[in-house]
Each structure stands twice: as structure tokens, then as C-alpha cells.
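> For the sequence shown, my numbering gives the first residue as 68, with consecutive numbering after it. Backbone N, C-alpha and C fix where the C-beta goes; we use that ideal spot for every residue, glycine too. This structure is in C-alpha cells; I'll ask about it shortly.
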Amino acid sequence: MMLIDADKLIEEIDEEIEYGTERIEKHFDDADKYITKGLRIARKDILAQPTIDAAPIKHGRWIRVIAEDYECSECKAAVWSGKANPISNYKYCWRCGAKMEE
Ligand SMILES: [Zn+2]
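Spelled out as C-alpha cells, the structure:
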């Protein structure tokens, strides 16, 4: 599945429709009329697609405070690591959910 910003795509299609409509009004060009009609159909089809809620991923990193103690760069949540539980095991911040960079 390819995720895209449909709002941005609709905005661009609307600009093309407006441009095509202006040209039809000025020149009565059949090609512009059919292109504009096709863009309106594509616009309708895009808006009819199922949607999902998506949010940008928050990124962060663990900052060493002292010895094996780290804190999240985004929310300062503390993590105590050690040989049995190295900091690399903490892929996400337990408090804010930031995805930790290596
Ligand atoms: Zn955090």
C-alpha cells in the first residue's frame, strides 16, 4: 500500500481543473474540456477511497546522563539500562512513544 497526502493531491488537481476551465472559457478547446472532465472524475475517485488515521512518527534518542542511566531527548523520561537490559533494547520511549534512533 502506498500512503500519500491526498489533501495535497486534491489541491493540485483543483488547480489543474481551474486552469483547464479558464482555457476552455478562452479558447473552447475540446481537449481541455475532456482533460478537465477526467480530472474531476479522478478527484471524485480519490475522495471515495478508504482512509486511515495516520500521524507523523516522533523521533528521539537516548541521552546518557550518567553511567547506565539515560533520558529521552524528547520528554526527559529516565531509563536505567545495564548488561541484562542494554539501552539498545529500548526502541521506543516508554512515556512519549518516540522512536529511538540508533
Ligand atoms: Zn520520551
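(1) Could you give the distance in angstroms between the alpha-carbon of Asn152 and the alpha-carbon of Ile71?
(2) Would you list the residues sitting across from Trp147 in a DSSP beta bridge?
(3) Can you tell me whether DSSP reads Gly127 as helix, strand or coil?
(4) Tell whether a beta-carbon distance below 8 Å holds between Val132 and Glu141.
(5) Is it the case that the CB of Ala122 approaches a heavy atom of ligand 1 more closely than 7 Å?
(6) Buried or exposed for Met167, please, with buried defined as at least 16 other CB atoms from any protein chain shown within 10 angstroms of its CB.
(7) Are the beta-carbon atoms belonging to Trp161 and Ala144 less than 8 Å from one another?
(8) On the DSSP letters alone, give me the boundaries of the alpha helix (DSSP H) that Lys111 sits inside.
(9) Could you tell me the alpha carbon to alpha carbon distance between Arg110 and Pro123, rounded to whole angstroms?
In short, the structure shows the following:
(1) Reading the sequence shown from its first residue, position 85 is the one you call residue 152. Reading the sequence shown from its first residue, position 4 is the one you call residue 71. Near 38 Å, if we compare the C-alpha coordinates of Ile71 and Asn152.
(2) Mapped onto the sequence shown, residue 147 falls at position 80. According to DSSP, Trp147 bridges with Asp136.
(3) Numbered from 1 along the sequence shown, position 60 holds the residue referred to as residue 127. The answer is strand: DSSP assigns Gly127 an E or B state.
(4) Taking the first residue of the sequence shown as 1, we reach residue 132 at position 65. Taking the first residue of the sequence shown as 1, we reach residue 141 at position 74. Their beta carbons are not under 8 Å apart, which means Val132 does not touch Glu141 by this criterion.
(5) Looking up residue 122 in the sequence shown gives position 55. If you check the C-beta of Ala122 against ligand 1, you find no heavy atom less than 7 Å away.
(6) Translated into the one-based positions of the sequence shown, residue 167 becomes position 100. Classification of Met167: buried, given that the 10 Å Cβ count is 16 or more.
(7) Here the question's residue 161 lines up with position 94 in the sequence shown. Here the question's residue 144 lines up with position 77 in the sequence shown. Closer than 8 Å, so yes.
(8) On the sequence shown, position 44 is the one that residue 111 refers to. Residues 97-114.
(9) Translated into positions along the sequence shown, residue 110 becomes position 43. Translated into positions along the sequence shown, residue 123 becomes position 56. Distance between the alpha carbons of Arg110 and Pro123 is about 25 Å.
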